[in-house]
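Residues in the sequence shown are numbered consecutively from 137, following my numbering.
Glycine included, each C-beta is placed from N, C-alpha and C at the ideal position.
Report on the structure given below.
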Amino acid sequence: MRLPGMDLPLGTIWCIGSNYAEHAREMGVVPPASPTVFLKPASAVLLSGGTLFLPADSRRVDHEVELVVARAKDESLLMAVGVDFTARDIQERDKAKGLPWTSAKGRPGFAALGPFVPAKFPVEFSVSVNGRVRQKGSSVEMIFSVEKILGHLETVYGMGPGDIVYTGTPAGVSPLAPGDRVEAVLGGGVSRLAVAVSHPA
C-alpha cells in the first residue's frame, strides 16, 4: 500500500499512547516515563473520503486526533494528520485483564490518515465532528517530542522504510455515532482528512 504523499510502501504502523498530560489524566493514568508503544495492522488504514464502519461488538468508539510522522526515501521527515479510532469499552475490558490493545485499536478503518507533507514544527491540529471542534492540540504539548519518539523506536525496535508513527492524542476524546462526519486538520490545512461514520457493514 502506498499512502498519499509517501514515496515508500507502507511499513509498520507505530502508535504512542498517553503522550499528552491532559489526555493521560482524562484516561486516569499516570504520564509514562518512556513512550508507551503499540501497533496497528495495515488493514486499519482509512484514507480521506472513506467510511468508518463501527464494529458490532463495541458500544463506544472514540476519536483521537494525532500528528502522524514518517521518513521519506531521502530520510526527510514528513507529517500528516491522523485519527486513531478506539473501541473504548473493549480497551477498558482488555486493560483490566492485562491484554494488549489490538482488539480495541486495530479494527478496519481505525487508523484514518490524511496526505503526508514535509514536516515543519511546531504544528497544531484538530478534529471536528459534524462541524464542531472536539479536540485541538499542538506538537509543543507532547510529553515525548517527535525526535525522542523516533529515537526510542529506532533504538529499541528498529524502524524500517515506510514506517509511520501516530504520536499520541490531546485531551477531548469523545464517542462517535452512525451518521457523524469526522474532519481533521493539520497545520492550518496542509494535511486534511474527512471520513463518514456508519453502522456496522
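- Within the model, the alpha-carbon separation for I149 versus R243 is close to 13 Å.
- Checking the DSSP bridge columns, you'll see I226 has no partner listed.
- In this structure, the straight-line span from the alpha carbon of V219 to that of E200 is close to 5 Å.
- Ranked by how close their Cα comes to the Cα of S239, the residues L146, V197, L139, P297 have V197 in first place.
- For S310, the secondary structure class from DSSP, reduced to helix, strand or coil, is strand.
- Taking the Cβ atoms as the reference, N155 lies roughly 15 Å from I300, outside the contact range of under 8 Å.
- S327 sits in a strand when the DSSP states are folded into three classes.
- A direct Cα-to-Cα measurement between L183 and G234 gives close to 31 Å.
- Comparing C-alpha distances from L190 to each of V269, I226, P171, L144 shows the shortest one belongs to I226.
- By the Cβ-count criterion, Y293 is exposed, with fewer than 16 other Cβ atoms from all chains shown falling within 10 Å of its own Cβ.
- DSSP places R207 within a strand segment (E or B) once states are collapsed to three.
- Here W150 is bridged, per DSSP, to L175, V301.
- For V165, there is no enclosing beta strand (DSSP E), since its DSSP letter is neither H nor E.
- In this structure the segment 268 to 278 touches the segment 154 to 171; the number of beta carbon pairs closer than 8 Å is three or more.
- Counting C-beta pairs with one atom in each stretch, the segment 280 to 289 and the segment 298 to 318 have three or more that are closer than 8 Å, which means they touch.
- Rounded to the nearest angstrom, the Cβ distance from D316 to V265 is 5 Å, consistent with a contact under 8 Å.
- Ranking P314, E277, L329 by CA distance to the CA of A307 puts E277 first.
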